[in-house]
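The opening position of the sequence shown corresponds to residue 1 in this note's numbering, with each subsequent residue numbered one higher. Working notes for the structure below.
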Amino acid sequence: MNSRMRNTVQGYLFISPVVLGLLIFTIGPMLTSFYMSFTKFPLLRAPEWIGLRNYVVMFTSDKNFWQACKVTLIYAGTSVPLGLVGAFVLAILLNQRVKGIAFFRTSFYMPAIVPAIASLILWGWLMNRDYGLINAILVRLGFSKFSFFAEPETALASMVMMSLWGVGAGMIIYLAGLQGIPESLYEAGKLDGANELQLFRSITVPMMTPTIFFNLVMGLIAASQTFMNAFVLTSGGPLKSTYFYNLMLYERAFNWTQMGMASAMAWFLLFVVLVLTLLVFRSSALWVFYEAEVK
């Protein structure tokens with residue numbers, strides 16, 4: 001075996017664990033799930049081919065399906081913009097050169113690395129009507145107690161508010177983007193007589209659009225997959241007001257053992273997320289600007 005062939009074999013051997021892992025743990029389950037979406041598969045019996053029936057039932061007969069889509073859409077449509085703006089504002093505030101700024105950056109980022117279950121239990125305690133800290137403060141201030149998760153009108157809004165707990169992750173990315181903007185651009189703007197607002201509008205925002213674009217895509221994907229919040233705190237209630245799409249998918253798969261229906265729901269979710277992502281990518285040509293790019 002010559003040296004070129006030996007290097008080729010060694011290269012394939014090095015990448016084989018990754019390729020095998022991808023085939024066994026990603027592509028294989030995806031293909032299996034796609035097949036199962038066309039079957040009736042009650043888990044304890046062999047799958048029975050039923051064609052498109054799962055998709056037809058999902059779109060026409062299951063009222064919970066559209067409620068789950070509605071809840072997830074409202075949540076994504078509110079939490080993603082709020083998270084983008086909140087993280088951006090926080091990054092600007094933490095981009096100042098003042099003493100002790102590293103402490104504040106660390107403090108605001110810490111919630112993003114707290115385990116999800118731990119943070120949800122904490123929020124459940126904070127927002128509890130009877131002994132929660134937030135209601136205790138409201139009572140001290142002369143207000144009445146507030147039912148965050150017990151009322152259909154407030155449960156989803158409370159979860160949107162909870163989502164801001166994790167803006168530290170986006171803040172770090174924005175902060176890196178802000179620190180990557182050349183100081184020479186601001187100096188040139190000041191020489192031309194631009195004030196702070198004009199510098200922000202004409203330099204900071206355009207230079208940050210690639211970072212905003214990245215956080216937007218990641219935020220949409222994450223919001224469409226929301227599950228743990230409702231699973232731990234509300235179980236989808238009250239009155240299905242926090243009945244997220246992934247919670248319904250979980251119930252179909254593991255509570256009702258309808259693996260075929262759950263697989264169909266998973267593929268529909270993948271399709272929707274893919275379409276949304278492609279739309280954002282296509283629209284990026286209109287509002288995302290890159291350094292030294294000529295348009």
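Glycine is no exception: its CB is placed at the ideal position from the N, C-alpha and C atoms.
Pair within 8 Å by beta-carbon distance, residue i and residue j
i	j	result
Leu300	Phe149	The chain is shown only over 1 to 295; residue 300 falls outside these bounds and no answer can be derived.
Ala169	Ser79	no
Asn54	Gly260	yes
Ser40	Pro47	The amino acid occupying residue 40 in the given sequence is Lys; Ser does not appear at that position. In contact: Lys40 and Pro47 (Cβ atoms closer than 8 Å).
Asn255	Leu120	no
Ser263	Ser33	yes
Ser37	Trp267	yes
Thr242	Met159	yes
Lys145	Leu138	yes
Leu90	Phe108	yes
Gly180	Ile203	no
Thr209	Val288	yes
Leu303	Arg105	For the chain, the structure presents residues 1 to 295; residue 303 sits outside this window and is missing.
Met127	Met265	no
Thr226	Tyr35	no
CA nearest to the CA of residue i, picked from the options
i	options	result
Leu269	Leu249, Ala91, Leu23	Leu249
Phe214	Ile27, Leu44, Val9, Gly83	Gly83
Tyr290	Thr226, Thr211, Phe244, Ser283	Thr211
Ser235	Leu126, Ala76, Arg4, Ala68	Ala68
Arg252	Met5, Pro42, Gln10, Leu13	Pro42
Gly86	Arg45, Thr154, Leu216, Met58	Leu216
Arg45	Ser283, Gln258, Leu286	Gln258
Met162	Pro238, Ile101, Ser283, Gly124	Gly124
Ile92	Ile172, Gly100, Lys99, Ser284	Ile172
Phe244	Lys70, Ile24, Leu52	Lys70
Pro182	Glu153, Phe103, Met207, Gly193	Met207
Host alpha helix (DSSP H) of residue i (start-end)
i	result
Arg6	3-22
Ile134	133-140
Phe289	It is not in any alpha helix (DSSP H) - Phe289 carries neither H nor E in the DSSP assignment.
Asn128	No alpha helix (DSSP H) contains Asn128, which DSSP labels as neither H nor E.
Gln179	167-179
Val114	Here Val114 belongs to no alpha helix (DSSP H), and DSSP marks it neither H nor E.
Asn229	228-233
Ala155	152-163
Trp256	Run containing Trp256: none; DSSP gives neither H nor E here.
Ala68	63-93
Tyr109	101-109
Tyr186	183-191
Asn215	205-224
Glu196	196-199
Leu249	245-250
Cβ of residue i within 8 Å of any chain C Cβ
i	result
Ile92	Among the chains of the structure shown, chain C does not appear; only one protein chain is present.
Residues sharing a beta bridge with residue i, DSSP
i	result
Thr39	Trp49
Residue i: CB within 7 Å of a non-hydrogen atom of the ligand PLP
i	result
Val56	Ligands are entirely absent from the displayed structure, and the ligand PLP is therefore not among its contents.
Practice item. Give a yes or no on contact between the stretch 124-135 and the stretch 191-205, applying the rule of three or more CB pairs nearer than 8 Å. Key: no
Check your understanding: Can you find at least 3 beta carbon pairs, one from the stretch 273-287 and one from the stretch 209-221, that sit closer than 8 Å?
Key -> Under the Cβ criterion (8 Å, minimum of three pairs), the stretch 273-287 counts as touching the stretch 209-221.
Practice item. Examine the Cβ distances between the stretch 169-182 and the stretch 138-158 and report whether three or more of them are shorter than 8 Å. Key: no
Review point. On the three-pair Cβ rule with 8 Å, is the stretch 100-119 touching the stretch 154-168?
Key: yes
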